[in-house]
Structure formats: structure tokens, C-alpha cells
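Note that the protein sequences, when read in sequence, are chains A and B. If you count the first sequence from 1, position 85 lands on 85 in this note's numbering, and the numbers rise without skipping. Each number in this note's numbering comes from the position in the second sequence (counting from 1) with 305 added on. Ideal Cβ placement from N, Cα and C applies to all residues, glycine included. No experiment lies behind these values; they were computed from the predicted model shown.
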Amino acid sequence: MFKSLRLTLALFLSALAIPLIVSSGASAATKPSCVVSLSPTATETLYAIGAGKQVQAVDTDSNYPKTGLPKKRINALDPSVEAIIGICKTTSAHPSSKPNLVIISYDANDIKEKLTAQGIKVIEQDAPTNEAGALFQIRQLGTLSGHLKKADTLAASIKTTIAADVASVPKHPGKTLTAYYELDTTYYSLTSSTFVGSLLKELGVVNIADPKNTTADAGYPQLSAEYIVSANPKMILLADTICCKASAATVAKRPGFSNVAAVKDGEVIGLNDDIASRWGPRLSLLMNQLTASVKGALKNSKLWQ
Amino acid sequence: MAIVAAVTFGALLVAIVCGLVIGPTSIPTWRLVGELFAHVGIGHNTLTPLQWDVVWQIRGPRMVIGLLAGSMLAVAGGTYQGVFRNPLADPYLLGVAAGAGLGATFAIIDISHGVGTPTWTPLLAFVGAMGAVIVTWLIGGRSMRSNTATLILAGVAVASLLTSAQTFLQQQSSANSITRVYIWLLGSLASAGWGTVWLVFPYVIVCIIICVGAGRALDVMSVGEDESRSLGVPVRRVRFVVIAASSLGTAAIVSAVGLVGFVGIIVPHIVRLLVGTSYRRILPISVIFGAAFLVFADTVARTVIAPSELPLGVVTALIGAPVFVIILSLRRPVAV
């Protein structure tokens, strides 16, 4: 009896272990051991959801998180197939130099086709056009990297933050808050059909670039100084403070801008270029900044005299 | 000649008015006319503050820089064609474009790294342009045995080297930087303000005066270098002064507006077909014609797809090339 009891106990403990073995075995099989990210947004997301250790190379524009990024860099504008397929450190867990997964934000040099022909999984994550698209990409990276739970948590947190920020903006009947969003000093802007533009629209902002959107521009039209001055926006958001050293002071010095409402009444707001152009884990931060800017403009009595 | 001069001057006045009146912002003509009269002391201001900014702070300096750029590039092209006796010579022949492009690329990438400032772009473009011309002169123009062919070859070599350096820098930089370099290389009057105008004005005026003043010497040099020397023309000194003035003026313009192509090569040819081969006529008429041509081209560039703008170099080529072909087909081409 004692013998059968030990046998029963052994069988019972083995049965308990099976789910652990199955789950860890499945995680090990689905977690790619060598990931290459050629998208700064994807890099940020991978590190935020705990997949950083799997990333063995990133593109030259990836600069966040500030520490822990791999030393191996690939130029995403001109990626080399040969460099990518030889990039991984060979170990017992990963005996090949080829990566399991490559994430790109645009298909330069037909890299997607060439890497796929080498048996490498390639995912293209272009800039989304709205919040749902951005959250989908976060979850997609979670699924692909084996960190879906953390990705779900991150996406839910961003969704909650955005909803709370939108709800916190007071209703402003009779006040039309027009804004110009600057991407660079040659007056490239974005419309409401882009993800940042969609966030501004949710906050009740009227984008001066919207009437000038064409299919060819794909949501990023180039405006002119004369158009911007004539539109007289009440708020100017600068997403080129790092690349082009734009600031309220430099905008005020531009020919014709001194009498623009946003310049006159102090509503030229500088954003961090990287945060403003990426749709990853720092999207909450961007939304916080945009919300604060909108609230500030609505409270600025000089704008509404 | 007098008729051509009068017509050209008339075209210049029309271009100036178009540069102020026409634009993506709709401003009633009567308000503009009233404003122009108010500017000379008749009547009062008729524009709203925003309209005033559009006309005098945006269109005004843009139109003036267009006049300066068009006249300088045209007269520089004419003098280069005279000095080198080559109908395909333009102001960028000795490496000005490549040097300016390298300087601007370096500045733009530096700014992207958070180190430089936007004012470095015109400064480094100017330094690059003049540096390229100086190196070209040192390689191909200093020797007593040097001639125009040597200078041209030196210019080609220097331009090739600098262009490859610029390409390397671009390839190492971000997509955003490449876009901004490309836009700069296309040339544009969009960023011009009165500050830019006053910065460039003294260089351009002095250089234009020197170039136009060299018309007689260039006429003599058109018969050949040995013959010119025998007629008492100090060929090397004239070549040096004319190239220096043309290059300095071109470098100043390029640093302000980028690389506007086609003006320097096409305008002197059009003028030559109208007034003959004497540089004493070609150069002063080119000053006026080039100014009108570029302001007119800029008006088209900034209105056709407003609020976006066409690259100015595209418009100058699209307008200038067919006009030149038409003139060539109507008249017998005249030798340089």
C-alpha cells in the first residue's frame, strides 16, 4: 500500500509539473532568441515589454531606452541583407547567425522580400493612422516576442491614459483652437489622418493642415510660410526642437510670424522630436504633453479676446 | 539694344509686381495698390496686420532675394561663358555647387546631432563654396602655363571629390537629415527674410559691378588668349578677377537660397540671341533679365501647388528650356 501511495504521489507531482513543462517549453519555442529591430518605435516597445534581451541589433536611429541597447547597428535607410543574416551571436540556444525576427518600419532595398527568402520572419510596422493602430502594433510585438501579457498591460495603460486625457479637456463651445504642427523647418506638417493628428483631433484641435491634405502627401503635407501666417493658428507645436533647433524664439524671428496669434500670445510649444514621432511606450507621455498644451491654450485669455 | 533693354526692364517691373501681388493668400488688389501708394507717402495703410506681414515680411524679402539671386547667377554665368569661351559654362563650374552642398550637408547633420545651430548652414555653405573655388584655382589656375581647360578639369575633379564626400555624409545620417539636405540642394527662396537680403546685398552688388565692368575685356578675350595678350589685355589678371567676383557673388547667393540651377546657363544665351555677342551688352541685360526670370519662376513655384511649393530649380528648367529651344529654332544660334 505504501508502495502504491508513493507511486500515486509521484504520478500526482508529475501531473502538476506537466503544465509548467508545457508552458515553459512553449515559451522557449515561441520566444525568438535573436531579434533585429530596424524601427526606433519597435525598439522602444520591445524593451518596454521585457524583450530587450532578445534584441541583438537595432537601427542607427534607435536611441531609447538610453542604456542597454545592443552595440550592433544597421542603417535602416540602406540595410544590407548580408549584414543582417550574419548578425546574431551563435549559441546553443541559437545556433544560426540569422535572426528569428526582423522588424522594419519601411521596406528599403526590398529588404523584406530578401530576408523572407532567407527564411527570416519579417514584420513591417509602418506609422499607424490612429491610436488603435498603435496599440495593435504593441500587442503584435508582444505576441511575436513571447511577451503578450506585458504588451497587453502596456497597451491598456496607454489606452487608459489617452481616454483620461481626452476627458480632462474642458468643453470649449465658441472657442476654435487652431493649431499648426511642425515636423521640420521646411514647414512639413501632419494632418488628422496620422496618429498624432488623430490625437489632436480627439483633443478638439482644428488642424490647419487638414484642408490641404492630398492622397500624394499621405497625411504629411508641406505647407508654406504664407499659408501658415494667413491661417493664423492659435497654437504651434514644434516637433523639430532637436533636429532643427526650432523654438519659440526662432519661430518668432521667421519673416511674418511675429503677428501670428500663437507667437504673439505665447502658445508656441516645443516637443521632443523622438517622443513626438514614435508610437510606442512613450505615447502616453506625448498625449500628456499635447493635453497640457491644449489646456494651456484654452486657459490663455489673450488668445480669446 | 535700346528696345531690348526697355522690354527687359518692363518685364522686371511686371515680375516685381507679380512677386508682391500674387500668392496663395488672397489679398484684394485694391488693398495692395493702396498699400503701395501708402509706402511712398500717398494715402494710408490698407492692409490688415496679417496681410501686411504676408506682403512685406514674406513676399517682399523673397522677391528682393529673387532679384539679387537671378541677376547674380545670370551675370556670373555670362562671365564664366566669356572667360572660358565655353557655351556650357555656368556659375557652378569650378566646384561652387559641390562645395556649398558639402558645407550645407555638414551643417544640417551637425544640427541633427544637437551640436550645431541653423545659422551654420548658410555660413558653412559659403565657406564650402569659396573653399572649393580656391582649391580649384590652386590646382588649375596658379601655374603660368595654366589655361581655361586646366581650370575646368580641376573644377571637375574638385566637384567630384566634394560630391562623393557629401554623398558619404548623407548615407551616414538619418532620413530626416537627408530630406532636409535634399530640400536645400533643390534651392528655394522660401526662407528669405530682410536679414538675409541685407547680408547678401553688398556682396552681390559689388560682384555684379565688377562682372559688368569686365565686359570690354571679355570681348577682347573672345578672340583667344594669345591674341588678347598681344592686344594688351592682362589675361591672367582679368581671369582671376572675373572668376573671383563671379564665384564670391555666387557663393553668397547659394548660401542664402541653395542651388538654383539653369539660370546661369540659360539667361546669358537667351540674351545673347537678342542683343548679339558683345559682353558689353550681354552682361548688363543679363542682370535685368536674370532678376525678372527668377522672380517670375518663383511666383510660379509658390502658387501652382499652393500651399506646397515646387522646387525652384524645377521651375527654372521647365520654363527656360522650352523658351530657349523656341528661340533657337527661330534664329540662327550665335557663337560665344
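Among residues of its own chain, excluding the 5 on either side of B:Gln-356, which ones have a beta-carbon nearer than 6 Å to its beta-carbon? Ile-332
Using the Cβ count rule (16 or more neighbours within 10 Å means buried), how would you classify A:Pro-99? buried
Between B:Met-377 and B:Ile-558, how many whole angstroms is the CB-CB distance? I'm expecting something under 8 Å.
5 Å
query: Taking the continuous alpha helix (DSSP H) assigned at A:Thr-191, which residues delimit it?
result: No alpha helix (DSSP H) contains A:Thr-191, which DSSP labels as neither H nor E.
message = Whether or not the stretch 401-408 of chain B and the stretch 530-542 of chain B are in contact is what I'm after, with contact meaning three or more pairs of Cβ atoms, one per stretch, closer than 8 Å; do they touch?
response = no
How big is the Cα-Cα spacing for B:Ser-465 and A:Leu-223? 34 Å
Do three or more CB pairs link the stretch 579-592 of chain B to the stretch 195-208 of chain A at distances below 8 Å?
no
Note to self: Rounded to the nearest angstrom, what separates A:Val-55 and A:Val-102 at their Cα positions?
What the structure shows: 10 Å
Q. Looking only at DSSP bridge pairs, what is A:Gly-270 linked to?
A. A:Leu-238
Item to check | Exposed unless 16 or more other CB atoms sit within 10 angstroms - verdict on A:Asp-78 | outcome: exposed
B:Glu-614 in three-state terms, based on DSSP: coil
Tell me which residue opens and which closes the alpha helix (DSSP H) that B:Gln-386 is part of. 365-389
Coarse secondary structure for A:Tyr-64, derived from DSSP in three states: coil
**OP:** In the DSSP assignment, find the alpha helix (DSSP H) that holds B:Leu-504 and state where it starts and stops.
**Re:** 499-518
Check: If the cut is a Cβ gap below 9 Å, which residues of chain A does B:Ala-320 touch?
Finding: Correct list: empty, because the minimum Cβ distance to chain A is about 18 Å.
Going by C-alpha distance, which of A:Thr-129, A:Lys-253, A:Ala-127 is nearest B:Trp-499? A:Lys-253
*asked:* Using a Cβ-based criterion (distance less than 7 Å to any ligand heavy atom), does B:Met-368 qualify as near the ligand FAD?
replied: This structure lacks the ligand FAD; in fact it carries no ligand of any kind.
(message) Suppose you measure from the CA of B:Ser-478 to the CA of A:Arg-278; what does that come to, to the nearest Å?
(response) 19 Å
With a threshold of 8 Å between beta carbons, is B:Pro-612 in contact with chain A? yes
- Item | Neighbour-count burial assignment, B:Val-639, 16 or more Cβ in a 10 Å radius | The pLDDT assigned to B:Val-639 is 49, lower than 50, so where the model puts this residue is not dependable, and the model offers no usable value.
Euclidean distance between Cα positions of B:Ser-634 and B:Val-576 | 15 Å
- Query: For A:Val-122, which option in A:Ile-111, A:Leu-285, A:Ala-51, A:Ala-132 has the closest C-alpha, if you only look at C-alpha atoms?
  - Reply: A:Ile-111
Quiz prompt | Closer than 7 Å at the beta carbon, the chain A residues around B:Ser-479 | solution = Asp-61
Here's the rule: buried if 16 or more other CB atoms are within 10 angstroms of the residue's CB, otherwise exposed. What is B:Glu-532? exposed
Point to revise | the stretch 350-363 of chain B: positions lying closer than 7 Å to chain A by Cβ | key: Pro-354, Leu-355, Asp-358, Val-359, Gln-362, Ile-363
- prompt: Does DSSP put A:Leu-69 in a helix, a strand or coil?
  reply: coil
request  = Provide the residue(s) that pair with A:Thr-178 in DSSP beta bridges, ordered along the chain.
outcome  = A:Val-206
Contact set between B:Ile-416 and chain A, taken where Cβ atoms lie within less than 8 Å: Cys-243, Cys-244, Lys-245
- prompt: With DSSP run on the structure shown, which of helix, strand or coil describes A:Lys-121?
  reply: strand
Check: Based on the DSSP secondary-structure assignment, which residues constitute the bridge partners of A:Leu-101?
Finding: A:Val-35, A:Lys-121
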